[in-house]
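Our numbering numbers the first residue of the sequence shown as 26 and each following residue consecutively. Ideal Cβ placement from N, Cα and C applies to all residues, glycine included. On a predicted model such as this, the values are computed, not experimentally measured, just so you know. Here the structure is laid out as C-alpha cells; the discussion comes afterwards.
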Amino acid sequence: MKRVFIILLLFINITLLAQEIKFETKLSKSTIGLNEKVQVTFAINEDGDNFQAPNFDGFRIIGGPFQSTNFSWINGVKSFSRSYTYVLQPNQKGVLTIKQGVIEFEGQTYKTQPVKITVTDAVELPKDPNDPDYKVGEGVHLVAEVSNSNPYLNEPVTVVYKLYFNPRFQVRNVQEVENPKYNGFWSQQINIDKLQAVQGRYEGQDYALVVWRKVILYPQETGAKPLEPLAINLDIDVPTGRRNFFLEPEYKSVSKTISAGAKTIQVKPLPEAGKPLNFSGAVGKFDFKVIPSKNELKTGESLDLEISVSGTGNLKLFTLPKTEFPSAFEVFDPEHKEEVTTPLSGMTGKIADKYTIIPQFKGKYTLKPIEFTYFDLNSKSYKTITSKEITINVLDNPNFTPSKQEVANDVNNKQQVVKNNSFQFIKLKSDFVPKYQETFFGTKLFYGLLLAPFLCIPIIILARKKKEAIDADEFGNKIRRNNKLAKKYLSEAKKQMGNKIPFYMAMERALHNFLKAKLHIETSEMSKENIQEILENKQAQNQTITQFIQLMNDCEFARYAPATEVAMQQDFEKAVTLISELEKQL
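Rendered as C-alpha cells:
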C-alpha cells in the first residue's frame, strides 16, 4: 500500500511538471505576397507581463499591438492565456525571420522561437468593382502638397498632407506607420487642433477631405533632396450595396495602408554675385536694431546693449552680428532671447542678444556702427542694414575702484623677471632615512592586521543573514522588482520621446508596475474599477485617482491617434507628477 501511495505521488508530480509554460509565435500564414499582410501573434498560457516585441526587420507595422486576455475556471481547472498581435506587411522579398519575443513571469524571462515567413512576388489583387478592397484602392488617397519644389537655401517650404476618401466610406483607427525624417531640412510640425472632414475635390471628383499633417521645412543643404513618404494605416467601412432586415446599408471593414508617395525638392544655392563678406545666412525680410538702455552713466554702473533682428524668415538658423567694445568696458556674455512663432507661412518674431556692460573709467566712448546682411526673397538680392553710431558718456564716480582685470593691464608694460635655473641640478633638500629600521613583526600594525579577519566574521554573518531574509521575502522582493520596473520603463519612455508607439507602451508599463508595487495586485486584477476601489480604500485623494485613471486611458488610446512631441512631453510630466502624488498619499 505504501509503495502504491509513493507511485501515486510521483505520478502527480510528473503531471504537474508536464504543465509547462508555453510562450510561442503564431502566424496567420507562412507564405505571403509582397503586397499582402500577415498577422503575427505572441501567446503565453500564463499571466506573463512586461512583454517586449522583437524588431520586425523586413516588415512595417500597419496594426497593433492588440492585446487579448482569456481566463476561465471550469470544474476546478484554471485556464489562462494572454496574446499580443501585430499586423505586418513585408518591405522585401525572400525568407524573412520574426525574431524572439520576450516576456516575464514570476521573475523568470521566457522567449519565443524565431519563425520564418516566405515573401514572394506581389500577387494579383481582386479588381472586381464590387469588391471592398478594390473600392478602397480607388476611393482613398493620401496626398502630399508641397508649396515650392525649387526653393533657395533656407527659404521656407510647406508640406500639407491631405487624406481624401469617398464620402460614403466610414474611416476609423487612423494611425501613422511611416514617419518622414526630413533629412537635410530644419523641420517643425504645425499643430492641428481638430481633425475634421470637409468637402474637397481630387482629380475632378468630390471627396471628403481631412488635413492630416502640416509641416514647415527650411532646407539646409543644396541639391536634390528627397522627402520620405508618410504612410498611414486605417480601417475603412465600405458599403457592400446590400441592406439588412431593417433596410439599413451593410458595410464591410477593410484595413488599408496608404502612402503619400516620395517627393523631391531641388534646393538652389544662394547667388554668389553681390554676396557681402559679413553675410551669416539670414534669408527673409528683416529689421535690424542696436539699442542701449542709456547713453550716460557713472563708472561702475551698468547698461544693457540689445542687438536685435525682427521680421519673417529663418530667425532660429543664423547668428546675430557682434560689435567691438572699448577696452575700458567690462562686458559680460550676452543673454540670447527668442520670441519666435512658426505658423505655416514661416518663422516670424524677434531674436536678440543683450549685453551687460560696466564702464571702468571716465570718458566719452563711441560704439561703431554694425552691419547686418540678409537675402531678400522678394527682390532676390542681398540687403544690408547699418545701425547708427552710439556715443556713451561715462561720468566720474569717486566711490568706484576699477576691477582687478583693468589694473592688471598695467602690469603687462613692466619688465618681467626671468627665473634663472642655472643651479637647478643641485639638490638643496635631503630626505633622511634611519640607518636601523624597526622590524614589522610584533608591532601594533602587525597585530591589528592579524586580528582584522576575526573581527570581520560577525559582520559577514549578519550580512549573510540579512541577505537570506531578503531572499526569503518573496512578497517584498516582488514589490521591489515592480518598483524597479516602473522606474525603468519611465526612463525608457523619456528616451522614446517623439516616437509615439514605443513611448506610450513604455508609459503603460511604468504605470502598471507602479500600481502592482503599491497596491499589491497582479496584472489580471488590473481593471479600472478595481484600481479605483483599492485607491479609495487606501485614502488616496479622489482628484488624484481620477487624473491617474484618465492618464491610463490617454496612454491606451494615444497609440492609435495622432500625437505630437509636445503632447508626449505633457503626458510624461503628468505621469511623474501623479506617481509622486500617489507615493505621498499611499
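Is the CB-CB distance between residue i and residue j below 8 Å?
i, j, result
"L392", "I415", "yes"
"V120", "T137", "no"
"S412", "K314", "yes"
"T50", "I123", "yes"
"A233", "A249", "no"
"V148", "S280", "no"
"I383", "F350", "no"
"R238", "L255", "yes"
"D262", "N198", "no"
"F130", "E203", "no"
"Q557", "I574", "yes"
"V240", "I217", "no"
"Y177", "L402", "yes"
"L167", "I257", "yes"
"L242", "F194", "no"
"F479", "F471", "no"
"K375", "S404", "no"
Near residue i, what residues of its chain come up, given a Cβ to Cβ distance below 6 Å and the 5 sequence neighbours on each side ignored?
i, result
"I316", "E331"
"L544", "I559"
"F76", "Y109 and I128"
"V235", "L188, L220 and A222"
"S305", "F343 and T344"
"I290", "S174 and K250"
"P192", "A233"
Reducing DSSP to helix, strand and coil, say where residue i ends up.
i, result
"A78", "coil"
"K47", "coil"
"R534", "helix"
"S472", "Note that residue 472 is Tyr in the sequence shown, not Ser. Reduced to three states, the DSSP call for Y472 is helix."
"E71", "coil"
"G338", "strand"
"S318", "coil"
"P181", "coil"
"G229", "coil"
"R85", "strand"
"P244", "strand"
"R489", "helix"
"A640", "The structure shown has nothing for residue 640, since the chain only spans 26 to 611."
"T143", "strand"
"D579", "helix"
"S352", "coil"
"S172", "coil"
"K439", "Annotation note: pLDDT 37 at K439 (below 50); position unreliable, coordinate value reported separately. K439 falls in the coil class under three-state DSSP."
"L607", "helix"
"A600", "helix"
"F539", "helix"
"F450", "Residue placement at F450 is flagged as unreliable, the pLDDT there being 47, under the threshold of 50; a coordinate-derived value is accordingly withheld."
Using the C-alpha atoms, what's the distance from residue j back to residue i?
i, j, result
"V171", "M593", "27 Å"
"M532", "N208", "29 Å"
"F400", "K300", "9 Å"
"K389", "L369", "48 Å"
"N303", "F397", "7 Å"
"V442", "L322", "Confidence at V442 is low in this model, with a pLDDT of 35, below 50, so its placement is unreliable and the value that follows should be read with caution. V442 and L322: Cα-Cα distance of roughly 40 Å."
"T571", "L611", "15 Å"
"D435", "L295", "Confidence in D435 is poor, its pLDDT being 42 and thus under 50, which makes the residue's placement unreliable; the coordinate value appears in the next sentence. Going from the Cα of D435 to the Cα of L295 covers about 48 Å."
"P423", "Q385", "12 Å"
"E581", "I484", "50 Å"
"K310", "P181", "12 Å"
"V356", "D596", "42 Å"
"Q230", "K519", "45 Å"
"D358", "D378", "9 Å"
"Y380", "V591", "32 Å"
"D5", "K118", "No information on residue 5 is available, as it lies outside the stretch 26 to 611 that the chain covers here."
"G132", "S93", "22 Å"
From the options, pick the residue whose C-alpha is nearest to that of residue i; which is it?
i, options, result
"A307", "P244, D421 and E355", "P244"
"K387", "L342, E326, S404 and T344", "E326"
"E61", "K520, T145 and S106", "T145"
"K341", "T247, Q213, D231 and A542", "Q213"
"Q64", "I46, F48, D74 and R85", "R85"
"G371", "T183, N269 and K362", "T183"
"E201", "A285, S278 and F194", "A285"
"K512", "E246, T348 and A535", "A535"
"E561", "L607, M577 and D231", "L607"
"L252", "G225, L474 and A169", "A169"
"V419", "A353, E360 and K405", "A353"
"K288", "N269, P205 and I486", "P205"
Can you give me the Cβ contacts of residue i inside the same chain, cut-off strictly under 8 Å, excluding the 5 residues immediately before and after it?
i, result
"A78", "F67, P90, Y109, Y111 and G126"
Checking contacts by CB at 8 Å: is residue i closer than that to chain D?
i, result
"Y227", "The structure shown contains no chain D; it is built from a single protein chain."
Between residue i and the ligand NAP, is there a pair consisting of the residue's CB and a ligand heavy atom that are separated by less than 7 Å?
i, result
"T569", "Of the ligands one can find in the structure shown there are none, so the ligand NAP has no counterpart to examine."
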